[in-house]
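Per our numbering, the very first residue in the sequence shown carries number 159; after that it's consecutive. Beta carbons are placed, not taken as given, at the ideal position from N, Cα and C, and that holds for glycine. Taking it in order: structure first as structure tokens, then the write-up.
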Amino acid sequence: TNGDGNAVAVVENLPQAPAAPAVAAAPAEAAPVAEAAAEAAPAEVAAASAAPAPVAAPTGGGSFGYGIQGHVVDNGQIFPVLDSIGGLGFNWFKQQIEWKRFESAGPGQIDWGAMDEIVNASGSRGVSVLFSIVKAPAWARESGFDGSVEGPPSDPQTYANFVGAVAGRYCGKSLKAIEVWNEQNLHYEWGNKALNPGEYVALLAPAFNAIKGACPSMLVISGALTPAGNNAPYAMDDFTYLEEMFKAGANNYLDGVGAHPSGYNVPPSVTWEGACEAIQKTGNSFNGACDSPHHSWSFQSTMTGYYNIMNVYGGGNKLVWPTEFGWAAGGAFNPAYKYADDNDYQEQAQWTVEAYQMMRNWGWVGPAFLWNLNFRVIADRTELAQWGIVDSSWNPLPAYTALAQMPK
159 TNGDGNAVAV
169 VENLPQAPAA
179 PAVAAAPAEA
189 APVAEAAAEA
199 APAEVAAASA
209 APAPVAAPTG
219 GGSFGYGIQG
229 HVVDNGQIFP
239 VLDSIGGLGF
249 NWFKQQIEWK
259 RFESAGPGQI
269 DWGAMDEIVN
279 ASGSRGVSVL
289 FSIVKAPAWA
299 RESGFDGSVE
309 GPPSDPQTYA
319 NFVGAVAGRY
329 CGKSLKAIEV
339 WNEQNLHYEW
349 GNKALNPGEY
359 VALLAPAFNA
369 IKGACPSMLV
379 ISGALTPAGN
389 NAPYAMDDFT
399 YLEEMFKAGA
409 NNYLDGVGAH
419 PSGYNVPPSV
429 TWEGACEAIQ
439 KTGNSFNGAC
449 DSPHHSWSFQ
459 STMTGYYNIM
469 NVYGGGNKLV
479 WPTEFGWAAG
489 GAFNPAYKYA
499 DDNDYQEQAQ
509 WTVEAYQMMR
519 NWGWVGPAFL
529 WNLNFRVIAD
539 RTELAQWGIV
549 DSSWNPLPAY
559 TALAQMPK
């Protein structure tokens with residue numbers, strides 16, 4: 159995730175030589191068999207402290223859908239974005255909501271304007287909305303917090319109050335789901351504090367209860383983890399983190415499991431075992447020697463690994479929600495993203511269509527959100543733009559055209 163809070167896949171988060179977790183390697187058209195998803199002993203984590211009883215039973219998490227993330231807060235982009243979503247034939251839109259932007263003045267002093275615009279405009283087009291709600295305001299963080307990074311609140315109830323208010327205001331409207339935080343297995347999304355799945359569940363539990371108490375039909379999605387290896391104190395392996403979340407009781411407080419299965423320069427149907435061979439075919443602009451592949455290098459292995467963990471811990475009746483996925487193309491604007499040099503626009507188009515088809519056919523995937531729609535328009539020639547599927551003048555790139563033509 160970059161400093162603007164828009165999640166992107168960053169090569170530097172990848173491990174150099176981890177022990178790759180054992181994953182049930184499913185073919186592209188079949189669901190995987192449940193098995194343990196990580197062989198390495200997990201890091202010590204604290205259990206969620208006195209997690210409240212859930213006010214409602216979680217649901218199965220909706221159904222498959224075609225979504226895309228964009229950015230329309232404070233920039234006049236809502237209708238061009240919705241026009242483009244209509245042209246794609248998609249039915250979901252994701253917007254990251256910075257809590258600190260909307261409740262900056264203090265508890266209960268919420269600026270609803272931009273959220274109202276998104277919900278009302280999307281509803282007028284029949285588009286469902288996912289809000290990913292992140293970044294605690296200064297008043298909600300702990301004394302002496304590290305202001306160089308984003309972080310959670312010191313009291314989880316302050317976050318619960320905000321997301322509950324959002325759920326209540328938009329219940330029955332186009333907002334259908336709320337994602338609780340983002341990439342909490344990275345230090346700069348968790349306040350430079352020790353990465354602790356139990357502490358995340360302590361944030362998730364009251365948020366779930368507040369959302370369901372205000373709007374029982376609103377879906378609660380766990381914050382998607384970034385694909386990573388163990389690199390303490392900066393990152394925790396996402397398989398390990400997810401497993402520890404479930405051990406801490408997360409299954410009681412989510413309708414779907416958020417995921418960020420990155421593509422890098424590997425086609426979506428290639429598992430982690432074949433990643434090195436695929437990289438050598440597409441190019442070698444990958445950060446690190448290609449001698450110890452990891453599940454995080456593979457879209458498919460990350461997705462099937464999450465579902466396997468869910469099955470092991472009683473969440474197999476729920477869906478994986480890829481709240482961000484995609485392939486950068488057209489050249490790297492930032493040297494940390496050199497794998498973008500390996501992917502041309504036709505590969506981006508082909509692999510993105512293939513990924514949607516795989517997820518639809520698996521049967522255990524919820525709405526899938528491509529990263530991204532309009533960052534070439536609003537942040538051209540930045541690392542954010544590398545994933546965009548329209549150019550800086552809103553002209554469609556090959557991925558946009560291929561997705562619009564893709565059978566839904």
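{"Item": "Euclidean distance between Cα positions of S443 and N501", "Value": "10 Å"}
{"Item": "Residues bridged to S286 (per DSSP)", "Value": "W250"}
{"Item": "Segments of 4+ residues assigned as alpha helix (DSSP H) that fall wholly inside the region 272-358", "Value": "314-327"}
{"Item": "Cβ-based burial, V548 [other Cβ within 10 Å; buried from 16]", "Value": "buried"}
{"Item": "The region 485-495 contacting the region 338-347, beta-carbon criterion three pairs below 8 Å", "Value": "no"}
{"Item": "Endpoints, the alpha helix (DSSP H) within which A433 is located", "Value": "433-440"}
{"Item": "DSSP-derived helix/strand/coil call for Y497", "Value": "helix"}
{"Item": "Rounded separation between S420 and F457 - CA only", "Value": "6 Å"}
{"Item": "S375 - DSSP class collapsed to helix/strand/coil", "Value": "coil"}
{"Item": "DSSP bridge partner residues for E256 (one or two, in chain order)", "Value": "V292"}
{"Item": "Reduced DSSP category for G414 - H, G, I as helix; E, B as strand; rest coil", "Value": "strand"}
{"Item": "DSSP state of I226 mapped onto helix, strand, coil", "Value": "strand"}
{"Item": "Option in T316, P238, V213, V277 with minimal Cα separation from S262", "Value": "T316"}
{"Item": "Length of the line joining the Cα atoms of H452 and V424", "Value": "12 Å"}
{"Item": "Residue of V213, T217, A209, G381 minimising C-alpha distance to N475", "Value": "T217"}
{"Item": "Three-pair Cβ contact test at 8 Å for the region 277-295 versus the region 317-332", "Value": "yes"}
{"Item": "Own chain residues within Cβ distance below 7 Å of W509, not counting five before or after", "Value": "G421, P425, P426, W485"}
{"Item": "Cβ contact check for the region 406-414 and the region 358-367: 3 or more pairs under 8 Å", "Value": "yes"}
{"Item": "Cβ pair P480, F527 closer than 8 Å", "Value": "yes"}
{"Item": "Rounded C-alpha distance that separates K293 from G305", "Value": "11 Å"}
{"Item": "Residue span of the alpha helix (DSSP H) that contains A560, given as start and end", "Value": "556-563"}
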